[in-house]
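When you read off a place in the sequence shown, starting at 1, and then add 45, the result is the number in the numbering used here. In this text, a Cβ means the ideal position worked out from N, Cα and C, and glycines have one as well. Note that the coordinates shown come from a computational prediction; the quantities given were computed from them, not determined experimentally. Structure first, commentary second.
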Amino acid sequence: MEQEGLDGIVLIQPESIVYGTGALPGSAAGWRRAGAVFVIVPADAREALTAIVGDFYAEEFRAASGIDDIVTFPVWVDLIDISDVANGQLKQRLSAARPPEQVHPRPANFDRRQTFALLAEALARRGLSTARLGTEHAFLPVADQACFHQAGPDVRWSDASRLVSRLRMIKTADEIERLKLAAQSAEAGTMAAIAHIRPGCTADELFSVFRTASAQRAAELGYNGPVLPNGAITIGPGATGKGRPAERGDVIRLDLGCVVDGYTSDCARTAVLGEPNPDQRAIYDPAQRLRDRLGTPPSRRPFARGPRDGDEGHACSRL
Numbered sequence: 046m047e048q049e050g051l052d053g054i055v056l057i058q059p060e061s062i063v064y065g066t067g068a069l070p071g072s073a074a075g076w077r078r079a080g081a082v083f084v085i086v087p088a089d090a091r092e093a094l095t096a097i098v099g100d101f102y103a104e105e106f107r108a109a110s111g112i113d114d115i116v117t118f119p120v121w122v123d124l125i126d127i128s129d130v131a132n133g134q135l136k137q138r139l140s141a142a143r144p145p146e147q148v149h150p151r152p153a154n155f156d157r158r159q160t161f162a163l164l165a166e167a168l169a170r171r172g173l174s175t176a177r178l179g180t181e182h183a184f185l186p187v188a189d190q191a192c193f194h195q196a197g198p199d200v201r202w203s204d205a206s207r208l209v210s211r212l213r214m215i216k217t218a219d220e221i222e223r224l225k226l227a228a229q230s231a232e233a234g235t236m237a238a239i240a241h242i243r244p245g246c247t248a249d250e251l252f253s254v255f256r257t258a259s260a261q262r263a264a265e266l267g268y269n270g271p272v273l274p275n276g277a278i279t280i281g282p283g284a285t286g287k288g289r290p291a292e293r294g295d296v297i298r299l300d301l302g303c304v305v306d307g308y309t310s311d312c313a314r315t316a317v318l319g320e321p322n323p324d325q326r327a328i329y330d331p332a333q334r335l336r337d338r339l340g341t342p343p344s345r346r347p348f349a350r351g352p353r354d355g356d357e358g359h360a361c362s363r364l
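Here's what the structure looks like:
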């Protein structure tokens, strides 16, 4: 932030908030609109973070993030604690815990006017109402952009998307484990789908095999949570849609991945049903030779000549 000349960052993208705080931002963020959650990150590492989250998620967010300065706003979920009201029927206990005069209507999801007003108050309280702050323009919907200028008319807003993206490239050990698990699951599922290729098989059948095998591999590796398969399989001429039932000589394109706790893998394979024809060989063979060459461990000499990052893509584009 110091290099970018920023006094702080206001995180708004759900994934960035999970990365930056370790806490889930709540279901309101599922609408993917600015205002569902904010995290104010001052440039001075000695300064505490401030989070603005829905009231239903506040305590869970506090426990997971360790952030003490949390401002809440109402979401559609209501919660009444009757643990201190021991006597009476349920209706009487609910009324005693929250008298009718304290009952207020709740929004369908959240009120952006309210959440941005809370952002303005938090910036003023933190001495940042005239600061230079970055936020995530790469996520920010156009319809919500004016809200930032209304909430902080004297703030010098700028785009911190690239900075946040660079920070998110730094992975913790737990994140690396999730990515490895997603990759290992997708690889197992893809190999199972390839083994199932036969005349008459369809893309849906192959994807079903991929789904089952990838989840099974994740379970074998000790993961008990959901594994979400994604991607596409296309059979035959054309590179879009599902294609037709497989015939001998068809190219089958498998572009698949798995999502584990929000972390996605990407695994691509291309197969031919039966013997490849000369044109298919002419494309595959040089690409495979190049991959074999690039698969050789690089020299440790910093100025050694040899394959560089990106050479594979450049060479394949010339095929």
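Practice prompt. Please report the residue range of the beta strand (DSSP E) in which P150 lies.
Written response: Counting along the chain, P150 falls outside any beta strand (DSSP E), and DSSP gives it neither H nor E.
Discussion item. Using only CA atoms, which one of E181, I215 and R334 lies nearest to D204?
Written reply: Checking every option, the nearest Cα to that of D204 belongs to E181.
Worksheet item: Does the separation of the CB atoms of L299 and G276 fall below 9 Å?
Response: yes
Discussion item. Just verifying my parser: in three-state terms, what is the DSSP assignment at F255?
Written reply: helix
Item to complete: For the beta strand (DSSP E) holding R314, just list the boundary residues, first then last.
Response: C312 to V317
Discussion item. Quick check on the burial criterion: 16 or more other C-beta atoms within 10 angstroms. Buried or exposed for P323?
Written reply: exposed
Worksheet item: DSSP puts I57 in a beta bridge; with which residues?
Response: Answer is none; I57 lacks a bridge partner.
Worksheet entry | Alpha-carbon spacing of A260 relative to V254, whole angstroms | 10 Å
Discussion item. Just verifying my parser: in three-state terms, what is the DSSP assignment at E49?
Written reply: coil
Worksheet entry | N-terminal and C-terminal residue of the alpha helix (DSSP H) that G234 is part of | A218 to A240
Worksheet item: So what does L178 bridge to, in DSSP terms?
Response: G53 and W202
Worksheet item: Of all the beta strand (DSSP E) runs that stay within the bounds of the region 83-136, which reach a length of 3 or more residues?
Response: 83-87, 95-99 and 114-118
Worksheet item: When the Cα atoms are used, what is the spatial distance from T285 to R314?
Response: Answer to the nearest angstrom: the Cα atoms are 15 Å apart.
Practice prompt. For L173, name the three-state secondary structure that DSSP assigns.
Written response: Reduced to three states, the DSSP call for L173 is coil.
Fill in: Per DSSP, the bridge partner or partners of G302
DSSP output for G302 lists N275 as bridge partner(s).
Discussion item. Beta-carbon within less than 8 Å of R243's beta-carbon, same chain only, minus the 5 sequence neighbours each way: which residues are those?
Written reply: A291 and L318
Fill in: Alpha carbon of A109 to alpha carbon of I97, nearest angstrom
14 Å
Worksheet entry | Validate contact between the region 78-87 and the region 49-64 using beta carbons, cut 8 Å, 3 pairs | With the cut-off at 8 Å, the region 78-87 and the region 49-64 touch.
Item to complete: Determine the DSSP secondary structure at T247, reduced to helix, strand or coil.
Response: coil
Worksheet entry | Unbroken alpha helix (DSSP H) run spanning F369, endpoints | Not covered by the structure: residue 369. The range shown for the chain is 46 to 364.
Discussion item. For G22, tell me which candidate among E60, G65 and A165 has the shortest Cα-Cα distance.
Written reply: This structure leaves residue 22 out entirely; the chain is present only between 46 and 364.
Practice prompt. Determine the burial state of R293: buried for a count of at least 16 other Cβ atoms within 10 Å of its Cβ, exposed for fewer.
Written response: exposed
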